[in-house]
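Note that the numbering used here has the sequence shown beginning at 125, numbered continuously upward.
Each residue gets a CB set at the ideal place from its N, CA and C atoms; glycine is no exception.
Below: one structure, written as structure tokens.
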Amino acid sequence: MEEKHFGSVWFIPGENKGKYPYCNSIYIAGPGVLIDPASNRERLIRLREENGVREVWLSHWHEDHFMHLDLFDDVPLAVSAEDAPPLSSLENLMDAYGLDQDFREHWVPAFRDLFHFKPRIPSRILQDGEKFSLGDVDVEIIATPGHTPGHLAFLFQGETDILFLGDYDLTPFGPWYGDVHSSISDTMDSVRRLRQIPVKNWLCSHEEGVFENQPGELWDQYLGVIQTREERLLQFLEEPRSMEDIVNACIIYRKKREPKAFFEFGERALMGKHLKKLLSENRIMVKDGQFCQL
125 MEEKHFGSVW FIPGENKGKY PYCNSIYIAG PGVLIDPASN RERLIRLREE
175 NGVREVWLSH WHEDHFMHLD LFDDVPLAVS AEDAPPLSSL ENLMDAYGLD
225 QDFREHWVPA FRDLFHFKPR IPSRILQDGE KFSLGDVDVE IIATPGHTPG
275 HLAFLFQGET DILFLGDYDL TPFGPWYGDV HSSISDTMDS VRRLRQIPVK
325 NWLCSHEEGV FENQPGELWD QYLGVIQTRE ERLLQFLEEP RSMEDIVNAC
375 IIYRKKREPK AFFEFGERAL MGKHLKKLLS ENRIMVKDGQ FCQL
């Protein structure tokens, strides 16, 4: 992908098409605001040296969005109040994911070495509906909980007309809502809210990243992944199944993948949210550690 400039709003593509563990960054030239510094380390170094970075904003707390935040240790940081705690310590970050001890042993080196994690306390809290005048553009903060409790989208207006969706990225994989405080229902509400905002361009954190035409059916396909996951799970629960059975069924990733610890965590986290939802709706039951349809 190529870097694209929409006036003073710059889209900086992440390595490997912005796929995890990278993301696409947004830079507002002039005021020097950088959103989600996890695109390309060398590009971000040049950006700071040649253009200046005066403040860093995060759409949310995930590691594939703060990977190169260490380059900006001396730069003020802004994030939502809900997503600030995981950034304050490695333990808090792993707690927010709900990682057990085995997974923590796997993830600690990755967080420190690959993602350059250092505890940070934000100097500014970004709030829903808050508006900023940044040079030639005005930016409105849009709270979009679900992916994380404090996930934010950003509406740019003025010389340009852009909505940065963050991790509601309209990719075929569908939404992630597997953290301790993530929510399926909030995710769906946030995507529907974003869809109703009229703009000319849509930017996302991963993969294609830039939509210069209305994404149209991609909104429906993205939300449809949630329903497809649920239907596959219900079909699998025609017979009693343990949590390990469900994880090994690969309903999310469709096949075994490496690294095993990473993808098994994803299966367990997302399926856990669906099981909780189905239990609350009295569509399944659990007995002796086995889940099945009612």
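Check: Buried versus exposed call for Ile265 [16 or more other C-beta atoms within 10 Å across all chains shown]; Outcome: buried
Check: Stretch-stretch touch, CB-based, cutoff 8 Å, three pairs: the region 311-326 with the region 272-291; Outcome: yes
Check: Alpha-carbon spacing of Thr295 relative to Tyr146, whole angstroms; Outcome: 15 Å
Check: Asp188: first and last residue of the uninterrupted alpha helix (DSSP H) it sits in; Outcome: Glu187 to Phe190
Check: Residue from Arg316, Gly333 and Glu331 whose Cα sits closest to the Cα of Gly348; Outcome: Arg316
Check: Same chain, Cβ closer than 8 Å to Trp134, neighbours up to 5 away in sequence not counted; Outcome: Glu127, Lys128, Ile150, Tyr151, Ile152 and Ala153
Check: Three-way DSSP call (helix, strand, coil) for Met312 in this model; Outcome: helix
Check: DSSP state of Gly419 mapped onto helix, strand, coil; Outcome: Residue 419 falls outside the range modelled here, since the chain spans only 125 to 418, and no answer is possible.
Check: Pair within 8 Å by beta-carbon distance, Trp185 and Asp207; Outcome: yes
Check: Validate contact between the region 365-376 and the region 201-218 using beta carbons, cut 8 Å, 3 pairs; Outcome: no
Check: First and last residue of the uninterrupted beta strand (DSSP E) at Tyr151; Outcome: Ser149 to Ile152
Check: Whole-angstrom C-beta distance between Leu276 and Ser183, which should lie under 8 Å; Outcome: 5 Å
Check: Residues of its chain near Phe227, where Cβ-Cβ distance is below 7 Å and the 5 sequence neighbours each way are ignored; Outcome: Ala385 and Phe389
Check: Three-state secondary structure (DSSP) of Lys242; Outcome: coil
Check: Length of the line joining the Cα atoms of Arg381 and Ile375; Outcome: 12 Å
Check: Where the alpha helix (DSSP H) through Gln359 begins and ends; Outcome: Glu341 to Phe360
Check: At least three beta-carbon pairs within less than 8 Å, the region 359-366 to the region 337-351; Outcome: no
Check: For Phe415, the three-state DSSP class (helix, strand or coil); Outcome: strand
Check: Lys242 and Asp197 closer than 8 Å at C-beta; Outcome: yes
Check: Uninterrupted alpha helix (DSSP H) stretches inside the region 269-324 (no shorter than 4 residues); Outcome: 308-319
Check: Cα-Cα separation, Asp252 to Lys400; Outcome: 28 Å
Check: Glu187 beta carbon less than 8 Å from that of Asn164; Outcome: no
Check: Bridge partner(s) assigned by DSSP for Ile249; Outcome: Val203
Check: N-terminal and C-terminal residue of the alpha helix (DSSP H) that Phe227 is part of; Outcome: Gln225 to Pro233
Check: Distance, Gln225 Cα to Lys141 Cα; Outcome: 32 Å
Check: Host alpha helix (DSSP H) of Val263 (start-end); Outcome: Looking at the DSSP string, Val263 is not in any alpha helix (DSSP H); the run it does join, the beta strand (DSSP E), is Val261 to Ala267.
Check: Beta-bridge pairing of Phe256 - partner residues as DSSP gives them; Outcome: Val263
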